[in-house]
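First residue of the sequence shown? That's 589 in the numbering used here, and the numbers climb one at a time after it. Glycine included, C-beta positions come from ideal geometry on N, C-alpha and C. Please read all numbers here as calculations on a predicted model, not as lab measurements. Here's the structure, in structure tokens; my notes come after.
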Amino acid sequence: MQFLLPGQGVSTHYMEVTQAEAGSESVRLRAAWKDDELPVRQRELVDKQLAAYRRGEAVDVFDVLVKSLRELQGGTGAMRVLEIGCSSGYYSEVFRIAGLDVIYTGCDYSDAFIAMAMQRHPGLQFDVQDATALKYADNAYDVVISGCCLLHIPEYQAAVAETARIASQYAIFHRTPVVLGQQNKYYRKQAYGVEAIEIHFNEPHFLQLLADSGLELLSTHTLDETVSQGVGNATRTYVCRRKAA
Ligand SMILES: C[S@@+](CC[C@H](N)C(=O)[O-])C[C@H]1O[C@@H](n2cnc3c(N)ncnc32)[C@H](O)[C@@H]1O
Numbered sequence: 589m590q591f592l593l594p595g596q597g598v599s600t601h602y603m604e605v606t607q608a609e610a611g612s613e614s615v616r617l618r619a620a621w622k623d624d625e626l627p628v629r630q631r632e633l634v635d636k637q638l639a640a641y642r643r644g645e646a647v648d649v650f651d652v653l654v655k656s657l658r659e660l661q662g663g664t665g666a667m668r669v670l671e672i673g674c675s676s677g678y679y680s681e682v683f684r685i686a687g688l689d690v691i692y693t694g695c696d697y698s699d700a701f702i703a704m705a706m707q708r709h710p711g712l713q714f715d716v717q718d719a720t721a722l723k724y725a726d727n728a729y730d731v732v733i734s735g736c737c738l739l740h741i742p743e744y745q746a747a748v749a750e751t752a753r754i755a756s757q758y759a760i761f762h763r764t765p766v767v768l769g770q771q772n773k774y775y776r777k778q779a780y781g782v783e784a785i786e787i788h789f790n791e792p793h794f795l796q797l798l799a800d801s802g803l804e805l806l807s808t809h810t811l812d813e814t815v816s817q818g819v820g821n822a823t824r825t826y827v828c829r830r831k832a833a
């Protein structure tokens, strides 16, 4: 059965796909975010958010990630932070505005996004990398941020394992859509007008996946939540510590 949900912001035309369709659809749409048109469209919105943030206005998704990182800062010098799925690297600017003491690196599987990131943020390191097979060494970064990309990755278990492998201390799963009292849900949608897949994770299973990947949950930040009698959905940022081997 297919359900059309109302569009929200940059994401529109949500259409739930069945479990049977989910496999083939998510593979078909896996490369959607590599579309060359996306960076300019996304940056238009992001530049407005950054301008508001510079004026001191609250931007909830920025505030949550900054708060998450502040919780982890131990006062022992700059934290080396990698953002996976960094798009055009705008969180480097968010962290700079917020005054966080971090050394930022970004990676994304899209050549077009990384080209824009390098142009917008010269002097920072950006790499074209797929979240499921990263080229970085084990424990390469103090903090690894999975930047709202798992939901677009059919092999999300491999992406969680890679995030944990690269993180020497902490891993943050930013803006993760989860469902409660329901199995994983799969949607076809349009992201900035481009057809894409979106996975909403059964929360207990997602938390178990984090634990199985050697991560201990430290805190959870909820961006939105609608739950009635144990059934519903939410968007959360999960802050984890890498467990000792
Ligand atoms: C919704 S944007 C998130 C941007 C930013 N990190 C944020 O939190 O707002 C998702 C990003 O993940 C990237 N992405 C999707 N699949 C990926 C993959 N398999 N490996 C690396 N990046 C991926 C997309 O290119 C896109 O830039």
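Closest Cα partner of residue i within the set the options
i    : options                   : result
M704 : Q770, Y678 and D689       : Y678
S816 : V767, T606 and V732       : V767
G687 : Y697, L657 and L670       : L657
P627 : P710, A700 and G735       : A700
I685 : G711, Q713, M706 and G644 : G644
Close Cβ partners of residue i (< 6 angstroms) along its chain, the five nearest in sequence each way excluded
i    : result
M589 : No answer about M589 holds up, because its pLDDT of 28 lies below 50 and its placement is not dependable.
D623 : V782
M667 : V690, D730 and V731
Own chain residues within Cβ distance below 7 angstroms of residue i, not counting five before or after
i    : result
V649 : R763 and L811
V819 : L768, G769 and Q770
Q745 : L797
Q596 : Note on Q596: pLDDT 41, under 50, position unreliable in the model; no value is reported.
V652 : H809, L811 and T825
Sheet register partners of residue i (DSSP bridge)
i    : result
L768 : G820
E813 : A822
F761 : S734 and Y826
S807 : V827
H740 : H740 pairs with nothing; no bridge assigned.
V605 : Y774
Q713 : T693
Close Cβ partners of residue i (< 8 angstroms) along its chain, the five nearest in sequence each way excluded
i    : result
T814 : G820, N821 and A822
L722 : I672, C695, E750, R753 and I754
8 angstroms contact criterion, which residue i and residue j should meet: CB distance rounded
i    : j    : result
H702 : T751 : According to the sequence displayed, residue 702 carries Ile and not His. Actually they do not touch by this definition, with Cβ atoms about 18 angstroms apart.
T808 : R830 : Actually they are not in contact, since the Cβ atoms of T808 and R830 sit about 17 angstroms apart, beyond 8 angstroms.
Y775 : E604 : 6 angstroms
P765 : H793 : Actually they are not in contact, since the Cβ atoms of P765 and H793 sit about 13 angstroms apart, beyond 8 angstroms.
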